[in-house]
Amino acid sequence: MSQSNHDAAAPPTAVSPDDAKLMDALWPLVAERGWNGFTFPELAERSGQDLTELRGRFPSKFHLLWLHSQTVDQAVLRDAALAGGGTQRDRLFDTLMRRLDALQPHREGLIRFGREVRTDPLLSLALAPVLAASMAWMLEGARINACGPAGMLRVHGLSAVWIATLRAWEQDDSVDLGTTMAALDRALDKAERVARTLRLNEDEPAEPMAAQ
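The numbering of the sequence shown is our numbering, which starts it at 192 and goes up by one.
This is how it looks when you write it as structure tokens:
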């Protein structure tokens, strides 16, 4: 696929029962061949799905990224109650760590993809709305308002926190992800300081998120 891979206006696709199998086939292919290296016929063969059905659901490879984002969001939100009480910062920390847990089975493919994104400005730009949609849901899952101008700033801030955390995760081979957790802590601390500066937390002193 060519230019259509970078279609930022691509809508989310509907989630089907075969999506887990499809993602389990996709990310090993990306690990082996790279994002631009694999083909839809290979994905169809690996996932045991019909090529024409894939065409019906995914006009381009980019639509696969929408689906992946949705499935990860849903995995995190199913356990949203596990965020429990505590401060908003605590709930965000728990939510993002659960998101990393959901990524862990596809770690190798996602790491290769992340490195390729950093060398492809068009793909990076196209991913921005996908990332923003997911971060808005992570805020809502942590019971933090993601709507309105202040919500947009929180989404932007959480996106920056998430990107910094992923960079640490790429380098962290430990079982307990201690280095990743430390990076997430630091990123949330920075975001909280910016939030205070922008007075996004004036209604709730514990408000942790803002733009960076």
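Ideal Cβ placement from N, Cα and C applies to all residues, glycine included.
{"Asked": "Delimiting residues of the alpha helix (DSSP H) encompassing residue 362", "Found": "339-362"}
{"Asked": "Minimum Cβ-Cβ distance from residue 332 to chain B less than 8 Å", "Found": "Of the protein chains in this structure there is only one, and it is not chain B."}
{"Asked": "Where residue 260 falls: helix, strand or coil (DSSP)", "Found": "helix"}
{"Asked": "At least three beta-carbon pairs within less than 8 Å, the region 351-368 to the region 308-315", "Found": "no"}
{"Asked": "Residues of its chain near residue 399, where Cβ-Cβ distance is below 7 Å and the 5 sequence neighbours each way are ignored", "Found": "Reliability of the predicted coordinates at residue 399 is poor, the pLDDT of 42 falling under 50, and the value obtained from them is presented with this limitation in mind. So the list reads 279, 280, 283, 379, 382, 383 and 386, once near-sequence residues are dropped."}
{"Asked": "Candidates 213, 267 and 218: closest to residue 301 by CA position", "Found": "218"}
{"Asked": "As assigned by DSSP and simplified to three states, the class of residue 322", "Found": "helix"}
{"Asked": "Three-state secondary structure assigned by DSSP to residue 379", "Found": "helix"}
{"Asked": "At least three beta-carbon pairs within less than 8 Å, the region 250-259 to the region 336-350", "Found": "no"}
{"Asked": "Cβ neighbours of residue 271 in the same chain (closer than 7 Å, five flanking residues each side left out)", "Found": "332"}
{"Asked": "Sequence ranges, alpha helix (DSSP H) only - wholly within the region 266-315, length at least 4", "Found": "279-294 and 298-308"}
{"Asked": "Meets three-Cβ-pair contact criterion under 8 Å: the region 293-300 and the region 209-228", "Found": "yes"}
{"Asked": "Element boundaries [alpha helix (DSSP H), containing residue 232]", "Found": "231-238"}
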